[in-house]
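Enquirer:
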Amino acid sequence: MRTNSEELKGGLLVVAAGMCWGMTGTVQALAPEKATSLTIGSARVFGAGLLLLIWILFRRRKILSEKKWDRAGLLLAAF
543 MRTNSEELKG GLLVVAAGMC WGMTGTVQAL APEKATSLTI GSARVFGAGL
593 LLLIWILFRR RKILSEKKWD RAGLLLAAF
């Protein structure tokens, strides 16, 4: 059974996702005229990656040090 704090957290996450989804048009409208949709999309992916990195650093700090990461694979995945 869910508690009120879990329902509140879920609701806040849904609202945050909706805000992120709805901000795309606003960002596109406020961006410089020469900014393409590829530029806007790339900025969104970069921002999402930063948010996920911050989340990992605060919530699961051990995961970065415990795992042996394949650096070549990470670089390949990054590009």
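Residues in the sequence shown are numbered from 543 upward in steps of one, following the numbering used here.
Backbone N, C-alpha and C define an ideal beta-carbon position, used for all residues, glycine too.
(1) Using a Cβ-Cβ cut-off of 8 Å (strictly less than) and excluding sequence neighbours within five positions of residue 600, which residues of its own chain qualify?
(2) Quick check on this structure: which residue in 598, 620 and 586 has the alpha carbon closest to the alpha carbon of residue 568?
(3) Taking the continuous alpha helix (DSSP H) assigned at residue 619, which residues delimit it?
(4) At what residues does the alpha helix (DSSP H) containing residue 551 begin and finish?
(5) Where residue 572 and residue 560 are concerned, what is the direct C-alpha to C-alpha distance, given to the nearest angstrom?
Expert: With the structure as the only source:
(1) none
(2) 586
(3) 613–620
(4) 546–572
(5) 19 Å
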